[in-house]
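For the sequence shown, the numbering used here gives the first residue as 13, with consecutive numbering after it.
What follows is a set of notes on a single structure, which appears directly below.
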Amino acid sequence: MSPTTSTAFSFVLSFYLWQLLFFAGILHRNLTHAATLGEWNLLQRSIGVSAMHMQLLNNDRVVIFDRTNFGRSNLSLPNGICRNNPKELALKIDCTAHSAEYNVLTNSFRPLMVQTDTWCSSGSVLSDGRLIQTGGFNEGEQKYRIFRPCANCDWQEFDGLNVRRWYATNHILPDGRIIVIGGRRQFNYEFYPTSSRLVNLPFLAQTNDAGQENNLYPFVHLNVDGNLFIFANNRAILLDYTKNVIVRTYPQIPGGDPRCYPSSGSSVLLPLNLARSEAEVLICGGAPKGSYVQANQGNYVAALRTCGRIKITDTSPQWVMENMPSSRVMGDMTLLPDGNVLIINGAQAGTAGWEIGRNPNLSPVIYRPGNRIGSRFQVQNPSKIPRMYHSTAVLLRDGRVLVGGSNPHVTYKFNVLHPTDLSLEAFSPAYLGTEFSNIRPRIILPRSQISLNYGQQLTVRYSVAGALNANRVMVTMVAPSFTTHSYSMNQRLLMLGGGNAKRVSPTTYETQVTMPKSGNLAPSGYYLFYVVHQDIPSVGIWVHIK
Numbered sequence: 013m014s015p016t017t018s019t020a021f022s023f024v025l026s027f028y029l030w031q032l033l034f035f036a037g038i039l040h041r042n043l044t045h046a047a048t049l050g051e052w053n054l055l056q057r058s059i060g061v062s063a064m065h066m067q068l069l070n071n072d073r074v075v076i077f078d079r080t081n082f083g084r085s086n087l088s089l090p091n092g093i094c095r096n097n098p099k100e101l102a103l104k105i106d107c108t109a110h111s112a113e114y115n116v117l118t119n120s121f122r123p124l125m126v127q128t129d130t131w132c133s134s135g136s137v138l139s140d141g142r143l144i145q146t147g148g149f150n151e152g153e154q155k156y157r158i159f160r161p162c163a164n165c166d167w168q169e170f171d172g173l174n175v176r177r178w179y180a181t182n183h184i185l186p187d188g189r190i191i192v193i194g195g196r197r198q199f200n201y202e203f204y205p206t207s208s209r210l211v212n213l214p215f216l217a218q219t220n221d222a223g224q225e226n227n228l229y230p231f232v233h234l235n236v237d238g239n240l241f242i243f244a245n246n247r248a249i250l251l252d253y254t255k256n257v258i259v260r261t262y263p264q265i266p267g268g269d270p271r272c273y274p275s276s277g278s279s280v281l282l283p284l285n286l287a288r289s290e291a292e293v294l295i296c297g298g299a300p301k302g303s304y305v306q307a308n309q310g311n312y313v314a315a316l317r318t319c320g321r322i323k324i325t326d327t328s329p330q331w332v333m334e335n336m337p338s339s340r341v342m343g344d345m346t347l348l349p350d351g352n353v354l355i356i357n358g359a360q361a362g363t364a365g366w367e368i369g370r371n372p373n374l375s376p377v378i379y380r381p382g383n384r385i386g387s388r389f390q391v392q393n394p395s396k397i398p399r400m401y402h403s404t405a406v407l408l409r410d411g412r413v414l415v416g417g418s419n420p421h422v423t424y425k426f427n428v429l430h431p432t433d434l435s436l437e438a439f440s441p442a443y444l445g446t447e448f449s450n451i452r453p454r455i456i457l458p459r460s461q462i463s464l465n466y467g468q469q470l471t472v473r474y475s476v477a478g479a480l481n482a483n484r485v486m487v488t489m490v491a492p493s494f495t496t497h498s499y500s501m502n503q504r505l506l507m508l509g510g511g512n513a514k515r516v517s518p519t520t521y522e523t524q525v526t527m528p529k530s531g532n533l534a535p536s537g538y539y540l541f542y543v544v545h546q547d548i549p550s551v552g553i554w555v556h557i558k
């Protein structure tokens, strides 16, 4: 080995050891005596920016932004830089940031520069790890923006969208393109890389309630057949976007109440088991019909308690309804590495919109999709911070959930009923408790940032300090989401297999799994990769499917 190679090897080894120790320190410091119903930790009292939009990238940094027409934020741009935008509706010259990058490993943040208004926009991560962010308001409504995950990168902005995209939804496709669907007064979709192709989708016009809409930020999930499940208002279709053909029309969700913005329920594609060719969607919460009009008149109607679950691959799919422990509007649904769903944030009355939500729902709920109806929900320990309109939540690699935002006002306001919140906190599910350290797996192989192929056979090596239950090992893979306005775009969890552990040393084991066979199951890109033992996940690593 040459001196240069030896130095490089030492650097890489030191980096992995530092990272391991750092995460171990985080877990020990923050999760000692973790409660069985989860634990909250305040990470930053203020990052200066309200976390209206959040996306975790493969360098363990979270890109956060709100909107430029709030006026001044509480985070200054560096080195006396100012944004000078004559089309801005608030401040033409603004020396404060409206975006920040949060470094998970160091619990620190830095300001970022966005030039045009990102209010109520959408986003996805491209297969090479870059964040593409689309649309917004005013001069930003036909922009797309690119953020590359590197040490000192910043936003780049481009013209290119065919129409205004405000309250639209994005999804990455099996071929690596991004589809951008809907938005206010837009009953169509288009693609990135941008082209002149604009495709009409009458379904979005049909679900546009007069004066209330309730079809903004439609819930979009990639089905295992490559088609798109699209839910708007209270109805859903399966769309073949390559031919612009509706393959299937699903029954209206029972009760007929709207679930999309501004009624703002939330939706998630439940974990996909690669041993089965089926997919299920869960939609929870929202606001009853007419709630938006009522709230603007000062009458805050109780939010919905109901969840609808539907197997979208069935030949005759039907909704199965169940009740959450409490009402929730403006909640977020986050897939956890153990295959459960965290329902968090929001209010118990009113709707999304300026100052028309009431009664914060402070208690998260764990939903266990594998349990029988009646035993799926478990209420968790409450936060002390209301997370109302414009709040967000994203899964981190160590299994915590980063929570931020809440600004139900036209500008930043701090001395009101529900003040603007600039803090970041972490919710640690019970699986992070130190009492589980003896059965918590630690991944040895593959190494983080490894590139994998579709259909590849993979040997996963991991250690467990205590006794291993070979029948309760599962390998999962999670696509991080772009989260805003109660919906986590592109979120996806795949169950790769398990239960065939082979011992290779007293505390080390191997499990063979097969990677997804196509982009229909897992679009190309970066994923969080976990080993789960007896429902206790490892710290994840980053893998890249190419």
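Virtual Cβ for every residue (Gly too), placed ideally from N, Cα, C.
Item to complete: For Asp326, count neighbouring Cβ atoms within 10 angstroms of its own Cβ and tell me buried if that reaches 16, exposed if not.
Response: Exposed, because fewer than 16 other Cβ atoms sit within 10 Å of the Cβ of Asp326.
Discussion item. Using only the alpha-carbon positions, how far apart do Asn96 and Thr423 sit?
Written reply: Whole-angstrom Cα-Cα distance: 19 Å.
Practice prompt. Run the proximity test for Ile462: is its beta-carbon closer than 7 Å to any non-hydrogen atom belonging to the ligand COA?
Written response: The ligand COA is absent from the structure shown, which contains no ligand whatsoever.
Worksheet item: CB Asp129 to CB Phe149, shorter than 8 Å?
Response: Annotated as proximal: Asp129 and Phe149, with beta-carbon spacing under 8 Å.
Discussion item. Taking 8 Å as the threshold (C-beta atoms), are Ile295 and Cys319 in contact?
Written reply: Cβ atoms of Cys319 and Ile295: closer than 8 Å.
Worksheet item: In whole angstroms, what is the alpha-carbon distance linking Tyr401 and Val257?
Response: About 35 Å.
Worksheet item: Pro214 lies in the alpha helix (DSSP H); which residues open and close that run?
Response: Boundaries of the alpha helix (DSSP H) harbouring Pro214: 214–218, taken from the DSSP string.
Practice prompt. Alpha carbon to alpha carbon, how far is Leu89 from Phe82? Give it in angstroms, no decimals.
Written response: If you take the alpha carbons of Phe82 and Leu89, they lie about 15 Å apart.
Practice prompt. Give me the Cα-Cα distance between Gln198 and Thr432, rounded to the nearest whole angstrom.
Written response: Rounded to the nearest angstrom, the two C-alpha atoms are 30 Å apart.
Worksheet item: For Asp350, does the count of other Cβ atoms within 10 angstroms reach 16, so buried, or fall short, so exposed?
Response: Looking at its Cβ environment, which holds 16 or more other Cβ atoms inside 10 Å, Asp350 is buried.
Item to complete: Could you give the DSSP three-state label for Thr446: helix, strand or coil?
Response: The answer is helix: DSSP assigns Thr446 an H, G or I state.
Worksheet item: Going straight from the alpha carbon of His559 to that of Gly297, what length do you get?
Response: With the chain covering 13 to 558 only, the question about residue 559 has no answer from this structure.
Item to complete: Using the DSSP secondary-structure output, state which residues sit across from Ile59 in a beta bridge.
Response: For Ile59, no pairing in a beta bridge is given by DSSP.
Worksheet item: In three-state DSSP terms, what is Val377?
Response: Strand at Val377.
Worksheet item: If we ignore side chains and look at the alpha-carbon of each, how far apart do Tyr156 and Pro230 end up?
Response: Those two C-alpha atoms are separated by around 19 Å.
Worksheet item: Roughly how many angstroms separate the alpha carbons of Val544 and Thr488, rounded to a whole number?
Response: Between Val544 and Thr488, the C-alpha separation is close to 7 Å.
Discussion item. Measuring only the C-alpha atoms, how far is Asp547 from Pro441?
Written reply: Separation of Asp547 and Pro441 (C-alpha to C-alpha, rounded to the nearest whole angstrom) is 11 Å.
Discussion item. Can you tell me which residues form a DSSP beta bridge with Glu153?
Written reply: Partner(s): none; Glu153 has no beta bridge.
Discussion item. Taking the beta carbon of Met13 as the centre, do at least 16 other beta carbons fall within 10 Å, making it buried, or is it exposed?
Written reply: Note that Met13 has pLDDT 44, beneath the 50 cutoff, so the model's placement of it is unreliable and the number below is only indicative. Around the Cβ of Met13, a 10 Å sphere holds fewer than 16 other Cβ atoms; the residue is exposed.
Item to complete: Have a look at Val313 and Gln390 and give me their C-alpha separation to the nearest angstrom.
Response: Those two C-alpha atoms are separated by around 25 Å.
Discussion item. Taking 6 Å as the limit between beta carbons, can you name the residues of its chain near Val555, skipping five residues before and five after?
Written reply: If we look at Val555 and ignore the five residues flanking it on each side, its Cβ neighbours are Ile462, Leu464, Tyr539, Phe541.
Fill in: Gly382, buried or exposed, once every other Cβ within 10 Å from all chains shown has been counted against 16
Counting every other CB atom within 10 Å of its CB across the protein chains shown gives Gly382 a total below 16, marking it as exposed.
Item to complete: Quickly, what does DSSP pair Pro549 with across the bridge? List them, please.
Response: In the DSSP assignment, the residues bridged to Pro549 are Val544.
Fill in: Anticipated Cβ contact below 8 Å, Gly147 with Gly195, distance rounded
Contact holds; Cβ gap of about 7 Å.
Practice prompt. Pull up the distance between the alpha-carbon of Leu284 and that of Leu210, whole angstroms please.
Written response: Taking the straight line joining both Cα atoms gives about 31 Å.
Worksheet entry | Cβ separation of Gly537 and Ser139, assumed to be a contact under 8 Å, to the nearest whole Å | The Cβ separation is near 5 Å, so the contact holds.
Practice prompt. Could you name the residues that DSSP lists as bridge partners for Asn481?
Written response: In the DSSP output, where bridge partners are listed per residue, Asn481 has none listed.
Discussion item. My assumption, with CB atoms under 8 Å, is that Ala513 sits in contact with Ala482. Please give the rounded CB distance.
Written reply: Yes, Ala513 and Ala482 are in contact; Cβ-Cβ is about 4 Å, under 8 Å.
Worksheet item: Secondary structure at Thr80, three-state DSSP: helix, strand or coil?
Response: Thr80 carries a helical assignment under DSSP once its states are collapsed to helix, strand and coil.
Practice prompt. Give me the Cα-Cα distance between Ser530 and Tyr466, rounded to the nearest whole angstrom.
Written response: Straight across, the Cα-Cα distance linking Ser530 with Tyr466 is about 6 Å.
Item to complete: Return the Cβ separation of Asp166 and Leu117 in integer angstroms, given the expectation that the two are a contact with Cβ distance under 8 Å.
Response: The C-beta distance from Asp166 to Leu117 rounds to 20 Å, too long to fall under 8 Å, and the pair is not in contact.
Worksheet item: What does a CB cutoff of less than 8 Å around Thr206 pick up in its chain, not counting 5 residues either side in sequence?
Response: Excluding five sequence positions before and after Thr206, the CB atoms of its chain that fall closer than 8 Å to its own CB belong to Tyr156, Gly172, Leu173, Asn174, given in chain order.
Item to complete: Tell me, please, which residues DSSP counts as bridged to Met501.
Response: Per the DSSP secondary-structure output, Met501 pairs in a beta bridge with Phe494.
Worksheet item: How long is the line joining the alpha carbons of Ala217 and Glu202, rounded to whole angstroms?
Response: Taking the straight line joining both Cα atoms gives about 16 Å.
Fill in: Ala405 beta carbon less than 8 Å from that of Thr8
Residue 8 lies beyond the range of the chain shown here (13 to 558); nothing can be said about it.
Fill in: Segment limits, alpha helix (DSSP H) that includes Ser303
First-last of the alpha helix (DSSP H) with Ser303: 303–308.
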